[in-house]
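In numbering that gives the first Met the number 0, the protein residues as written are 0 to 277.
Built from N, CA and C at the ideal position, the CB exists for glycine as well.
Every value quoted in this text rests on a predicted model; they were computed, and no experiment measured them.
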Amino acid sequence: MQLLSLSAITLLASFVAATSEVITGQWTCVDAGAYQLCQNLWGEDNGVGSQNATLYSATGDSISWSTTYTWADGPYDVKSYSNVNQLSATGMLLSEITSAPTAWQWEYEAISSSTVADVSYDIWVGTSPDDPGTDTSTFEIGRVSILSLFGYPMSGRRLDFDSAGPLGSEIASDISVGGYSWNLYSGFNTYWTTVSFVTNQGNIYDFSSDLKDFFGKPSIPVLSPVSLSNPLLYRPVYLNENSNVSLSNYLQSVESGTEPFLGTATLYTESFSVTVNT
0 MQLLSLSAIT LLASFVAATS EVITGQWTCV DAGAYQLCQN LWGEDNGVGS QNATLYSATG
60 DSISWSTTYT WADGPYDVKS YSNVNQLSAT GMLLSEITSA PTAWQWEYEA ISSSTVADVS
120 YDIWVGTSPD DPGTDTSTFE IGRVSILSLF GYPMSGRRLD FDSAGPLGSE IASDISVGGY
180 SWNLYSGFNT YWTTVSFVTN QGNIYDFSSD LKDFFGKPSI PVLSPVSLSN PLLYRPVYLN
240 ENSNVSLSNY LQSVESGTEP FLGTATLYTE SFSVTVNT
């Protein structure tokens with residue numbers, strides 16, 4: 000194995016520092032190759048703290064970045080979803096998607112004892128080809144693939160209702176999707192149904208899968224409102240071509256990042272990539 004000299008290591012560290020870009024501000028975004036890195040501190044008013052994001056590199060179909068935060072107060076409220084989204088992974092009908100391979104190598108560093116957070120994908124599906132997270136969205140399939148839960152108190156297979164956790168309630172456990180094992184949660188949020196696949200096999204620091212498996216495989220039960228006028232009335236549906244996740248819906252966005260509730264930590268993404276093929 001070839002070892003680097005101290006001077007070479009110092010030079011490498013200086014190069015990384017010189018080429019990285021730090022962003023601050025509540026809604027600041029920066030384009031980087033095929034991706035966009037966004038602060039997205041949408042819930043910052045629910046607590047006290049700060050957060051920034053750093054872009055290291057974007058080459059070909061992959062990106063490397065990090066976000067560092069410190070948040071206090073509002074223990075049951077999400078403060079942000081600092082994330083990257085694939086700029087071209089939008090606007091295609093679900094019926095046109097043949098595959099969506101993704102890979103994510105990440106670490107959570109400098110974690111305080113009070114940290115409560117998740118590391119997750121967020122996939123938006125709706126009746127229009129864009130505008131994720133609006134009244135055109137029908138399903139937020141996630142935080143799809145919650146790869147890690149830091150600091151979440153657990154009670155059996157259900158999250159403690161007095162703690163931060165996935166929206167809604169657990170409706171299935173030990174399901175196999177995309178090559179991993181999950182517990183499935185579902186709930187209604189404003190205009191759309193949120194479905195959360197929560198890892199039950201520990202933190203998945205090196206994730207590789209086909210995201211189409213999460214919105215194209217049969218026999219994954221979720222709950223969906225019969226109508227927006229009566230969001231408390233639900234009926235069972237399935238995430239497949241015969242369900243309310245209609246193949247005539249559009250993929251609106253594919254994002255990956257972290258949701259902090261409390262504490263101090265850094266999410267470091269060594270490499271993230273996703274490609275949606277039609």
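Query                                                                                                                                      : Result
On the DSSP bridge list, what partners appear for Ile62?                                                                                   : Ala57, Phe271
Return the bridge partner residues of Ala71 from the DSSP annotation.                                                                      : Val47
How close, in whole Å, do the beta carbons of Asn202 and Leu146 come, if the pair is a contact with beta carbons under 8 Å?                : 7 Å
Skipping 5 residues on each side, what residues in its chain have a beta carbon closer than 8 Å to that of Thr58?                          : Gly32
Distance, Cα to Cα, Leu158 vs Ser112?                                                                                                      : A caution first: Leu158 carries a pLDDT of 32, below 50, which makes its placement in the model too unreliable to give a value.
What are the boundary residues of the beta strand (DSSP E) that includes Thr114?                                                           : No beta strand (DSSP E) holds Thr114; DSSP gives it neither H nor E.
Helix or strand or just coil, what does DSSP make of Thr97?                                                                                : coil
Whose C-beta lies closer than 8 Å to the C-beta of Pro259 among residues of the same chain, with five residues either side of it excluded? : Gln50, Tyr68, Trp70, Val77, Lys78, Ser79, Thr114, Val115, Ala116
So for Asp212, helix, strand or coil by DSSP?                                                                                              : helix
Have a look at Ser94 and Tyr249 and give me their C-alpha separation to the nearest angstrom.                                              : 9 Å
Do you know whose CA, among Ser247, Asn199, Thr23, lies nearest Ala52's CA?                                                                : Thr23
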